Amino acid sequence: MDIVVENIYLLVIVTLISVLQNAFFALKVEKECISQNIRTPAFERVSCANRNCMDSYPTFLAVMWCAGLCLSQAPAAFAGIIYLVVRHKYFVGYMGQTCQSTPGYLFGKRILFFLVLMCIVGIFNYLLMRYYGSNYKEYVETITSASSALLLIP
Amino acid sequence: MDIVVENIYLLVIVTLISVLQNAFFALKVEKECISQNIRTPAFERVSCANRNCMDSYPTFLAVMWCAGLCLSQAPAAFAGIIYLVVRHKYFVGYMGQTCQSTPGYLFGKRILFFLVLMCIVGIFNYLLMRYYGSNYKEYVETITSASSALLLIP
Amino acid sequence: MDIVVENIYLLVIVTLISVLQNAFFALKVEKECISQNIRTPAFERVSCANRNCMDSYPTFLAVMWCAGLCLSQAPAAFAGIIYLVVRHKYFVGYMGQTCQSTPGYLFGKRILFFLVLMCIVGIFNYLLMRYYGSNYKEYVETITSASSALLLIP
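Chains as they are written, first to last, in my numbering: chain D, 714 to 867; chain S, 714 to 867; chain W, 714 to 867.
Pasting the structure below:
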C-alpha cells in the first residue's frame with residue numbers, strides 16, 4: 714500500500730489544495746449572496762466564475778491524475794499547481810459582463826494541453842516497451858521535468 | 714509502475730478522448746458566444762447541451778474507472794467509447810426548446826447501467842474469492858467482453 | 714490486480730451508491746420537468762438542488778478516494794456514506810427561495826473536512842516513514858476509525 718502512496722502523494726497534495734480552493738470559491742459565492750441581494754452584477758459575476766471553474770474541474774483532475782500515473786508525478790503535480798494559480802487569477806480577476814462571453818472562459822488551456830501530451834507520451838512509451846522492449850522512460854521523464862519549467866513563461 | 718500502466722492504459726486513452734471532446738464542446742460554446750449575441754436560442758441550446766454533458770461527466774468517469782479497475786479494462790473502455798459517441802450525437806443533435814425538458818436530458822443510461830453492473834459483478838467476484846476461494850474471474854471477463862458488444866445495438 | 718481490488722472495494726461500493734443517487738436526482742429533475750411547466754418554483758428548486766449537488770460531486774469523489782488510498786479505506790468509505798445521507802437530506806429538504814441563498818448551499822462541510830484531514834495525516838505518515846523510518850500507520854488507522862464515529866453526531 715505504501716508503494717501506492719509513494720507514487721501518488723504529490724498528486725494527492727495538489728488535489729487537496731484544489732479542494733481547499735474550491736471551498737474558498739464556494740465561500741466567496743455564499744458571502745456575496747448573503748451580504749447583497751442576488752441578481753446584482755457582482756453576484757452574477759462571482760457565481761459565473763465559480764461555475765466556469767467547477768465545469769472544468771473534473772477535466773483537470775482526470776488529466777492530471779492520468780498524466781501522473783502514466784508518466785511521472787512530479788511534472789504533473791507541478792503543472793497542477795500552476796493550473797491552480799491560473800484558476801485563482803481567473804477567479805479573482807473575473808470582470809466580464811456576462812457569463813461565457815469573457816475571453817477567459819477557457820483558462821489554463823496550455824497547461825491542460827501539456828498534461829494531455831504527458832499522457833500520450835506515457836502511453837506511447839508503455840506500448841513501445843511492451844512491443845519492442847525498448848524503454849525510454851528515464852529520458853522521457855527528464856525531458857518532461859525540464860519542459861514543465863516552460864509552463865512558467867506567462 | 715508499469716504494472717499499473719498496463720492495467721489502466723485503455724482507460725487513460727478513453728479519458729483523453731473525453732477530455733478532447735470536452736474541449737470541443739467548450740470551444741463550440743465560446744464560438745457561439747462570440748459570433749452571436751447571447752440570449753439567442755442557439756446560444757441557449759448549445760450552452761444547455763454543454764451543461765448537461767458536464768453535469769454527467771464526473772459520474773461517467775467514476776463509473777468507467779471503477780468498472781475498469783474492478784473487473785477488466787477492455788469492456789469498460791469499449792463502453793466508454795460508445796458513451797462518448799452517444800454524447801457527441803446528443804450534443805450535435807440537441808434541438809430542445811428549453812434546458813432540461815428534452816427527452817435526452819439523461820443520455821447513455823444503458824451504458825452507465827452496464828458499467829455499474831460491471832462494478833457490482835467485479836466486487837461480488839472479489840468477495841466470493843475472498844470468502845469461498847472460488848475464482849470465476851476468467852469466466853466473468855469473457856462474458857463481460859461478449860456482452861459489451863450488445864451495447865452496439867441502437 | 715486483486716490486491717488493487719482489496720484496497721478499494723469499499724470505495725467502489727460508495728461510489729456506486731453515489732452514482733445511483735445521482736441518477737435518482739436526475740430523474741427527479743426530469744419528472745418535475747415533464748409533469749409541470751418549467752419556470753415554476755418547484756422546478757427551480759429541484760433543479761437548483763441538483764446543480765448544487767453536482768457542483769460539489771467531483772470534490773467529494775476526489776477527497777474520498779485520496780483519503781481512502783492514502784490512509785485506509787474503511788473510515789473513508791464510512792464518511793462517504795454519511796456524506797451521501799447528508800446530501801440526500803439536503804436534496805429532499807431543499808426549501809430555499811433562490812439558488813445559492815440557502816444556508817445549506819455548502820453541505821457536508823464537516824465530513825469533507827474530516828476526509829481532507831485523513832489525507833493530510835496519511836501523507837504526513839508516509840513522509841515520516843520515508844525520512845525517519847518510523848511507522849505509525851497502525852495507530853493512525855485505529856484513531857481514524859474511532860474518530861470517524863464522531864461524524865455520527867448531528
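Every residue, glycine too, gets a C-beta built ideally from N, C-alpha and C.
Keep in mind that this is a model prediction, so the values were computed, not measured.
TODO: For the alpha helix (DSSP H) holding F804 (chain S), just list the boundary residues, first then last.
DONE: Here residue 804 (chain S) refers to the residue found at position 91 when the second sequence is read from its first residue. Segment Q786 to V805, the alpha helix (DSSP H) holding F804 (chain S).
Open item on the list: I believe A792 (chain W) touches L828 (chain W) by the beta-carbon criterion, under 8 angstroms. Please report the beta-carbon distance rounded to the nearest angstrom.
Closed with: What you label residue 792 (chain W) is simply residue 79 of the third sequence in a count that begins at 1. What you label residue 828 (chain W) is simply residue 115 of the third sequence in a count that begins at 1. Right, their Cβ atoms sit about 6 angstroms apart.
Task: Nearest-angstrom beta carbon gap, I824 (chain W) and Y796 (chain W) [assumed within contact, 8 angstroms] - done: Here residue 796 (chain W) refers to the residue found at position 83 when the third sequence is read from its first residue. Here residue 824 (chain W) refers to the residue found at position 111 when the third sequence is read from its first residue. At roughly 5 angstroms, the Cβ-Cβ gap stays under 8 angstroms, so Y796 (chain W) and I824 (chain W) are in contact.
Open item on the list: Taking contact to mean 3 or more Cβ pairs, one atom from each stretch, closer than 8 angstroms, check whether the stretch 775-786 of chain W and the stretch 752-767 of chain W are in contact.
Closed with: no
TODO: Answer with buried or exposed for S847 (chain D), where buried requires no fewer than 16 other C-beta atoms within 10 angstroms of its C-beta.
DONE: Numbered from 1 along the first sequence, position 134 holds the residue referred to as residue 847 (chain D). S847 (chain D) is exposed by the Cβ-count criterion.
Task: Same chain, Cβ closer than 7 angstroms to F738 (chain S), neighbours up to 5 away in sequence not counted - done: For the purposes of this step, residue 738 (chain S) is identified with residue 25 of the second sequence, where counting begins at 1. N763, C766 and F804, listed in sequence order.
TODO: Could you pull the start and end residues of the alpha helix (DSSP H) that L865 (chain W) belongs to?
DONE: Numbered from 1 along the third sequence, position 152 holds the residue referred to as residue 865 (chain W). Here L865 (chain W) belongs to no alpha helix (DSSP H), and DSSP marks it neither H nor E.
Task: Partner residues on chain W for P771 (chain S), Cβ-Cβ distance less than 7 angstroms - done: In the second sequence, counting from the first residue as 1, residue 771 (chain S) sits at position 58. Going along chain W in sequence order, the residues near P771 (chain S) (Cβ under 7 angstroms) are Y770, P771 and L774.
Task: Closest residue to S785 (chain S) among S:N735, S:T728, S:P771 and S:K850 (Cα-Cα distance) - done: Translated into the one-based positions of the second sequence, residue 785 (chain S) becomes position 72. It is S:K850 whose Cα lies nearest to the Cα of S785 (chain S).
Open item on the list: With a threshold of 8 angstroms between beta carbons, is V829 (chain W) in contact with chain B?
Closed with: In the structure shown, chain B does not exist; the protein chains are D, S and W.
- [ ] Can you say whether G806 (chain S) is buried or exposed, counting buried as having 16 or more other CB atoms within 10 angstroms of its CB?
- [x] Position 93 of the second sequence, counted from the first residue, corresponds to residue 806 (chain S). Under a 10 Å Cβ-count criterion, G806 (chain S) is classified as exposed, with fewer than 16 other Cβ atoms of the shown protein chains found around its own Cβ.
TODO: Starting from the beta carbon of Y722 (chain D), find every residue of chain W whose beta carbon is closer than 7 angstroms, and list them in chain order.
DONE: In the first sequence, counting from the first residue as 1, residue 722 (chain D) sits at position 9. Those are I836 and Y839, listed as they occur along chain W.
- [ ] Identify whether G809 (chain W) lies in helix, strand or coil by the three-state DSSP scheme.
- [x] Indexing the third sequence from 1 puts residue 809 (chain W) at position 96. A caution first: G809 (chain W) carries a pLDDT of 49, below 50, which makes its placement in the model too unreliable to give a value.
TODO: Taking only beta-carbon positions, decide if L782 (chain S) is within less than 8 angstroms of chain W.
DONE: Taking the first residue of the second sequence as 1, we reach residue 782 (chain S) at position 69. Chain W, which has a Cβ nearer than 8 angstroms to the Cβ of L782 (chain S), makes this yes.
Task: Distance, F756 (chain D) Cα to L724 (chain W) Cα - done: The residue labelled residue 724 (chain W) in the question sits at position 11 within the third sequence. The residue labelled residue 756 (chain D) in the question sits at position 43 within the first sequence. Cα to Cα, L724 (chain W) sits roughly 37 angstroms from F756 (chain D).
- [ ] Alpha carbon to alpha carbon, how far is I730 (chain W) from L736 (chain D)? Give it in angstroms, no decimals.
- [x] In the first sequence, counting from the first residue as 1, residue 736 (chain D) sits at position 23. In the third sequence, counting from the first residue as 1, residue 730 (chain W) sits at position 17. According to the sequence displayed, residue 736 (chain D) carries Ala and not Leu. Approximately 24 angstroms, taken between the alpha carbons.
Task: Cβ-based burial, L864 (chain D) [other Cβ within 10 Å; buried from 16] - done: Residue numbering aside, residue 864 (chain D) sits at position 151 when the first sequence is read from its first letter. Looking at its Cβ environment, which holds 16 or more other Cβ atoms inside 10 Å, L864 (chain D) is buried.
- [ ] Compare the C-alpha of Y722 (chain W) against each of S:S861, S:I836 and S:A859 and name the closest.
- [x] Mapped onto the third sequence, residue 722 (chain W) falls at position 9. When each option's Cα is compared against that of Y722 (chain W), the closest is S:I836.
TODO: Put Y845 (chain W) into one of helix, strand or coil per three-state DSSP.
DONE: Translated into the one-based positions of the third sequence, residue 845 (chain W) becomes position 132. Three-state result, Y845 (chain W): helix.
Task: Under the three-state DSSP convention, the category F820 (chain S) falls into - done: By 1-based counting over the second sequence, the position of residue 820 (chain S) is 107. In the structure shown, F820 (chain S) adopts coil according to DSSP, grouped into three states.
Open item on the list: Can you find the residues in the same chain that come closer than 6 angstroms, C-beta to C-beta, to M842 (chain D), ignoring five residues on each side of it along the sequence?
Closed with: To locate residue 842 (chain D), count along the first sequence from 1; it is residue 129. Take M842 (chain D), set aside five residues on each side of it, and the residues of its chain with a beta-carbon closer than 6 angstroms to its own are N848, in chain order.
Open item on the list: Give me, in chain order, the residues of the same chain whose beta-carbon lies closer than 6 angstroms to that of E854 (chain D); leave out the 5 immediate sequence neighbours on both sides.
Closed with: Counted from its first residue, the first sequence places residue 854 (chain D) at position 141. Within the same chain, E854 (chain D) has close Cβ partners S785.
TODO: Measure the CB-CB distance between A790 (chain D) and C832 (chain D) and report whether it falls below 8 angstroms.
DONE: Against the first sequence, residue 790 (chain D) aligns to sequence position 77. Against the first sequence, residue 832 (chain D) aligns to sequence position 119. Not in contact: A790 (chain D) and C832 (chain D) (Cβ atoms no closer than 8 angstroms).
Task: Close-in-space but distant-in-sequence residues of the same chain around K741 (chain D) (CB under 7 angstroms, 5 per side omitted) - done: Along the first sequence, read from residue 1 onward, the residue named residue 741 (chain D) stands at position 28. The answer, listed in chain order, is V759.
Open item on the list: Using beta carbons (cut-off 8 angstroms, strictly below), is I833 (chain D) in contact with chain S?
Closed with: The count along the first sequence starts at 1 and reaches residue 833 (chain D) at position 120. Closer than 8 angstroms: yes.
Task: 8 angstroms contact criterion, which V799 (chain W) and F826 (chain W) should meet: CB distance rounded - done: As a working mapping, residue 799 (chain W) is identified with position 86 in the third sequence. As a working mapping, residue 826 (chain W) is identified with position 113 in the third sequence. The Cβ separation is near 13 angstroms, so there is no contact.
TODO: Go through its chain and collect everything with a Cβ distance to S860 (chain W)'s Cβ below 7 angstroms, but skip five positions before and after it.
DONE: For this step, residue 860 (chain W) is matched to residue 147 along the third sequence. So no residue of the chain qualifies.
Task: I856 (chain W) versus P788 (chain S) - alpha carbon distance - done: The residue given as residue 856 (chain W) occupies position 143 in the third sequence. The residue given as residue 788 (chain S) occupies position 75 in the second sequence. So the two alpha carbons sit approximately 40 angstroms from each other.
- [ ] Kindly say whether I794 (chain S), judged by its beta-carbon, lies nearer than 8 angstroms to any beta-carbon of chain D.
- [x] Against the second sequence, residue 794 (chain S) aligns to sequence position 81. By this cut-off, I794 (chain S) is not an interface position.
Task: Neighbour list for C779 (chain W) in chain D, Cβ cutoff strictly below 9 angstroms - done: Within the third sequence, residue 779 (chain W) is the residue found at index 66, counting from 1. The contacting residues are I721, L724, V725, T728, L729 and V732.
Open item on the list: If I measure Cβ to Cβ from T811 (chain D) and keep anything under 6 angstroms in the same chain, skipping five residues before and after, which residues do I get?
Closed with: Translated into positions along the first sequence, residue 811 (chain D) becomes position 98. With a pLDDT of 48 at T811 (chain D), under the threshold of 50, the modelled position of this residue cannot be trusted; read the value that follows with caution. None.
Task: Separation of E743 (chain S) from Y839 (chain W), as counted between CA atoms - done: Position 126 of the third sequence, counted from the first residue, corresponds to residue 839 (chain W). Position 30 of the second sequence, counted from the first residue, corresponds to residue 743 (chain S). Spanning the two alpha carbons is a distance of roughly 44 angstroms.
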